[in-house]
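Remarks on the structure that follows.
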Amino acid sequence: MNTEIRKTDLPLGIEISQIAYLLLSILGTFGFIYVLLFSDKTNLEVIGTGVMALFYWMLFYGTYKIRNWVVIPVLVVSAIAIIPNLLLILTETPQTLGEFFGKALSILMTMFYLFQIYIFSRSETKKFFKEKGTTLIS
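According to this note's numbering, the sequence shown holds residues 1201 to 1338 in order.
Written out as structure tokens, the structure is:
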């Protein structure tokens, strides 16, 4: 499929999602390398960081190559990820500048996850990705 044709046919928000997943993939990879080499985190935290980076690469690949399997993971992950972010936003009061930026990042990620739910639950997006299954959010 020609890239120019594909870009003009993208449903609302998919290109933004592709860019966001690419950025999250790159940041996640650098985060994994940092945690692996320089941090005193436990093995489980190192593995979790690597799995998240790999997962974001998978979502970027799925949205970029127009794979029908990408719709369900985006919706499920977005719906699940909103919960801890909302808890952090609503319950934590930032005491330091680092905590303030952490809360701002949580707000930004919550907005991104809500955007993902909106975009990927639309019928034209599912039709574009040729997703035939039913989802809880539609």
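C-beta atoms are modelled at their ideal positions from N, C-alpha and C, and glycine is treated no differently.
Span separating the alpha-carbon of residue i from that of residue j
i            : j            : result
residue 1393 : residue 1213 : Outside the displayed span of the chain (1201 to 1338) sits residue 1393, for which this structure offers no information.
residue 1297 : residue 1284 : 20 Å
residue 1332 : residue 1293 : 43 Å
residue 1268 : residue 1328 : 9 Å
residue 1325 : residue 1317 : 11 Å
residue 1174 : residue 1313 : In the structure as shown, the chain starts at 1201 and stops at 1338, and residue 1174 therefore has no counterpart that could be examined.
residue 1250 : residue 1259 : 14 Å
residue 1323 : residue 1238 : 45 Å
residue 1307 : residue 1290 : 10 Å
residue 1229 : residue 1262 : 18 Å
residue 1198 : residue 1248 : Because the chain spans 1201 through 1338 in this model, residue 1198 falls outside it and cannot be assessed.
residue 1265 : residue 1299 : 37 Å
residue 1338 : residue 1217 : The pLDDT assigned to residue 1338 is 46, lower than 50, so where the model puts this residue is not dependable, and the model offers no usable value.
residue 1209 : residue 1272 : 21 Å
residue 1311 : residue 1304 : 11 Å
residue 1233 : residue 1330 : 36 Å
residue 1211 : residue 1319 : 8 Å
residue 1315 : residue 1231 : 24 Å
Simplified DSSP state of residue i, which is helix, strand or coil
i            : result
residue 1213 : coil
residue 1326 : helix
residue 1249 : helix
residue 1292 : coil
residue 1225 : helix
residue 1263 : helix
residue 1332 : coil
residue 1241 : coil
residue 1278 : helix
residue 1321 : coil
Is it a yes or a no for the segment 1208-1225 touching the segment 1250-1263, going by three-plus beta-carbon pairs under 8 Å?
yes
Using 8 Å as the threshold, is the segment 1266-1283 in touch with the segment 1241-1248, meaning 3 or more CB pairs across them?
no
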